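First residue of the sequence shown? That's 195 in our numbering, and the numbers climb one at a time after it. Quick notes on the structure that follows.
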Amino acid sequence: MKFISRSRPKIGLALSSGAALGIAHIGVIKAFKEAEIPIDVIAGTSMGAIIGACFAKEGQIKEAEAEALRTDWRRFTRLLDPNINYLKKGLIYGKRIENLLRSLIGDIEFKDLKIPFAAIATDINTGKEIVIRDGPVIAAVRASIAIPGIFVPVIIKGNCLVDGGTTNPVPADVLTHMGAKIIIAVNVLHDPRKRKVFKSSADNKVSEPPNIFNTLIQSIYIMENTIVRLKAPEANIIIEPDVSHLESFEFYRGKEAIEAGYRAAMKSIPQISKYILQ
195 MKFISRSRPK
205 IGLALSSGAA
215 LGIAHIGVIK
225 AFKEAEIPID
235 VIAGTSMGAI
245 IGACFAKEGQ
255 IKEAEAEALR
265 TDWRRFTRLL
275 DPNINYLKKG
285 LIYGKRIENL
295 LRSLIGDIEF
305 KDLKIPFAAI
315 ATDINTGKEI
325 VIRDGPVIAA
335 VRASIAIPGI
345 FVPVIIKGNC
355 LVDGGTTNPV
365 PADVLTHMGA
375 KIIIAVNVLH
385 DPRKRKVFKS
395 SADNKVSEPP
405 NIFNTLIQSI
415 YIMENTIVRL
425 KAPEANIIIE
435 PDVSHLESFE
445 FYRGKEAIEA
455 GYRAAMKSIP
465 QISKYILQ
């Protein structure tokens with residue numbers, strides 16, 4: 195199905211945060227490519243910023259998909275680079291992840307992207323949402339994924355930036371300012387009650403508490419889920435892939451996440467088509 199009419203409304207795609215769960219965004223984009231659903235502008239937060247930038251570069255998602263499919267546990271752990279000189283600022287320095295992003299995106303600036311794109315970060319001093327639409331793409335994406343306490347923050351234009359999910363986990367409203375008339379939001383941040391990190395025994399005896407990463411990520415999910423509900427994202431269509439069976443750092447289960455995104459997106463195609471043809 196092709197939508198080539200000059201009067202076609204501009205379509206925006208918002209991709210949520212969600213760590214490994216956000217790999218589902220790849221499946222959503224794959225479904226859109228197959229159905230020839232056009233995407234004119236993109237906004238992404240955290241993992242959504244990574245996938246969004248990869249897609250915005252040339253309007254393709256194959257390289258990001260290939261990387262997700264070949265990532266196993268060993269390959270993932272090699273991306274982590276704790277640096278003793280930065281441990282007071284964050285557990286992970288992030289240089290290796292920057293190198294991975296460079297291999298996928300290249301050293302390009304926002305103006306060089308085929309599809310207009312915005313990455314969402316948060317100013318740690320003011321608590322304000324920062325929408326980045328110019329300058330080096332990798333720096334913006336690296337700021338957007340800087341989970342507080344895990345990644346070292348990123349300094350851009352004098353602002354100290356961390357994960358955009360702390361202020362805008364599903365940046366649908368940003369697309370309105372980018373001129374989108376039809377907004378599709380992809381949200382992988384399900385109700386945190388679906389992913390219990392602490393399970394007490396039937397007799398309420400003391401059980402082993404969750405590890406520090408699960409505790410931190412679950413806390414972030416609770417916060418982000420609350421923000422999503424309070425802000426009521428300005429989206430015409432919300433796609434929510436069922437990735438509740440996956441854990442935040444299970445990047446080695448990319449195939450499952452991609453398939454979940456693909457299935458959810460394919461179900462939305464008829465609804466999206468009706469919006470476009472109105």
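All residues carry an ideal CB built from backbone N, CA and C; glycine is no exception. Quick caveat, the model's predicted, so the values are computed rather than measured.
message: Am I right that residue 376 and residue 203 are in contact with their C-beta atoms under 8 Å? What's the rounded C-beta distance?
response: 5 Å
Alpha-carbon spacing of residue 421 relative to residue 358, whole angstroms: 12 Å
query: How would you label residue 281, buried or exposed, when you count the other beta carbons within 10 angstroms and need 16 or more for buried?
result: Any reading at residue 281 must be qualified, since the residue scores a pLDDT of 49, below 50, and its modelled position is unreliable; no value is offered.
contact_flag[the region 357–371, the region 312–329] where n(CB pairs < 8 Å) is 3 or more: yes
task: Run through the region 294–378 for me and flag every whole beta strand (DSSP E) of 3 or more residues, listed as ranges in chain order.
output: 311–317, 323–326, 348–350, 353–357
- prompt: How is the alpha helix (DSSP H) around residue 451 delimited, first residue to last?
  reply: 448–471
- prompt: Whose C-alpha, out of 382, 290, 307, 448, is nearest the C-alpha of residue 249?
  reply: 307
task: Return the CA-CA distance between residue 214 and residue 443, expressed in angstroms with no decimal places.
output: 6 Å
task: Report the residue from 295, 472, 238, 464 whose alpha carbon sits nearest the alpha carbon of residue 229.
output: 464
- request: List the DSSP bridge partners of residue 205.
  value: 376
field: Whole-Å CB distance - residue 332 paired with residue 296, under 8 Å assumed
entry: 6 Å
field: Of the residues 325, 415, 353, the one placed nearest residue 371, counting alpha carbons only
entry: 325
message: Do residue 462 and residue 364 have their beta-carbon atoms positioned less than 7 Å apart in this structure?
response: no
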